[in-house]
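S.K.:
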Amino acid sequence: MSLPGSFFDALYAASDDPWSMRSRWYERRKYALTVAVLPRARFASAVEVGCAVGELTALLAPRCDRLVAWDVSGAAVALARARTAALPGVSVERRAVPADELPACDLLVLSEVLYYLGPEDLAAVVDRARSAVRPGGTLLAVHWRHRVDGYPQTGDAVHATLRAALDWPRVAAHEEPDFLLDCWTAAPAGDVRAASVAAAEALW
Ligand SMILES: C[S@@+](CC[C@H](N)C(=O)[O-])C[C@H]1O[C@@H](n2cnc3c(N)ncnc32)[C@H](O)[C@@H]1O
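Residues 17 to 220 in this note's numbering are what the sequence shown lists, from first letter to last.
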């Protein structure tokens, strides 16, 4: 079973930064790696699911003409709106996957959110993500690997599902003891040039 919105509302009622995203070096470094892996300098339209307090949103915004950030928790939406109020092109909405349909986009960021979903909901999100990311677009996923009591899945299980379901060429696969990061280009399997940052600038 996926964790309901009320689970996250309770976390935000107890703290306005439940995962210390504003202060932890672990998070700052991971965010820096996340945005560094993105294969394009800019994206016309991007979607971030599970934006929490908007820290990663704020780092994605300068790379996107339009960035739509979703969170299932109303408290998170308010915090992320405040964090990104001065950033052009950002809108923050109270929406949840898989209940809300992902819009078409050039970049889809799934950071630390999919392990809250049960296997059926995860499969539904992956299915929708496959059609939401436009041809040539980017899907980036990054997730904590260690088991957390009460979470339906681990990050390893999430990335195993993603890797099995997405036959797109991969821009990068980054593995650490604590998290996995995978980035794909929406392109036919085996089209290595589509996923190459160097090829996009005609370096080969
Ligand atoms: C651990 S935080 C991740 C924040 C951010 N993506 C990051 O990497 O820093 C997870 C956030 O996902 C939200 N969330 C959980 N399940 C969700 C769902 N099914 N749809 C949308 N948001 C969800 C929670 O409310 C929470 O704010």
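C-beta atoms are modelled at their ideal positions from N, C-alpha and C, and glycine is treated no differently.
Can you tell me the Cα-Cα spacing of V142 and Y132, whole angstroms?
M.R.: Counting from 1 along the sequence shown, the entry for residue 142 is found at position 126. Counting from 1 along the sequence shown, the entry for residue 132 is found at position 116. Rounded to whole angstroms, V142 to Y132 spans 14 Å at the Cα level.
S.K.: Taking C-alpha atoms, which residue in P119, A180, V125 lies nearest to T154?
M.R.: The residue given as residue 154 occupies position 138 in the sequence shown. The candidate whose alpha carbon is nearest that of T154 is V125.
S.K.: Taking C-alpha atoms, which residue in A26, G166, L196, L156 lies nearest to E64?
M.R.: Translated into positions along the sequence shown, residue 64 becomes position 48. When C-alpha distances from E64 are compared across A26, G166, L196, L156, the shortest belongs to L156.
S.K.: Tell me the DSSP secondary structure of L19 in three-state form.
M.R.: To locate residue 19, count along the sequence shown from 1; it is residue 3. Correct three-state label for L19: coil.
S.K.: On a CA-only basis, which of P204, E191, E109 is nearest G90? Give me that one, please.
M.R.: Numbered from its first residue, the sequence shown carries residue 90 at position 74. Checked all of P204, E191, E109; the closest Cα to G90 is E109.
S.K.: Output needed for W220: all residues of its chain with C-beta closer than 7 Å, excluding positions within five of it in sequence on either side, in chain order.
M.R.: Residue numbering aside, residue 220 sits at position 204 when the sequence shown is read from its first letter. So the qualifying residues of the chain are A214.
S.K.: Quick one: using the 10 Å Cβ neighbour count with 16 as the cut-off for buried, is M17 buried or exposed?
M.R.: Mapped onto the sequence shown, residue 17 falls at position 1. When all chains shown are included, M17 counts as exposed.
S.K.: Let me confirm a value: V84 is counted as buried when at least 16 other C-beta atoms fall within 10 Å, else exposed. Which label applies?
M.R.: Taking the sequence shown and counting its residues from 1, the one referred to as residue 84 is at position 68. Buried is the call here.
S.K.: So, are the CB atoms of G105 and D81 less than 8 Å apart?
M.R.: What you label residue 105 is simply residue 89 of the sequence shown in a count that begins at 1. What you label residue 81 is simply residue 65 of the sequence shown in a count that begins at 1. Yes.
S.K.: Pull up the CB-CB distance for V51 and C199, whole angstroms please, since I reckon it's below 8 Å.
M.R.: By 1-based counting over the sequence shown, the position of residue 51 is 35. By 1-based counting over the sequence shown, the position of residue 199 is 183. That pair is no contact at about 11 Å.
S.K.: What separation, rounded to the nearest whole angstrom, lies between the Cα atoms of A26 and D33?
M.R.: Stepping through the sequence shown from its first residue, residue 26 is reached at position 10. Stepping through the sequence shown from its first residue, residue 33 is reached at position 17. Between A26 and D33, the C-alpha separation is close to 12 Å.
S.K.: Taking 8 Å as the cut-off, decide whether the C-beta atoms of R99 and V129 are in contact.
M.R.: Looking up residue 99 in the sequence shown gives position 83. Looking up residue 129 in the sequence shown gives position 113. No.
S.K.: On a Cα-Cα basis, can you pick out the residue from P114, A57, H159 that is closest to R79?
M.R.: Counted from its first residue, the sequence shown places residue 79 at position 63. When only C-alpha atoms are compared, the closest one is A57.
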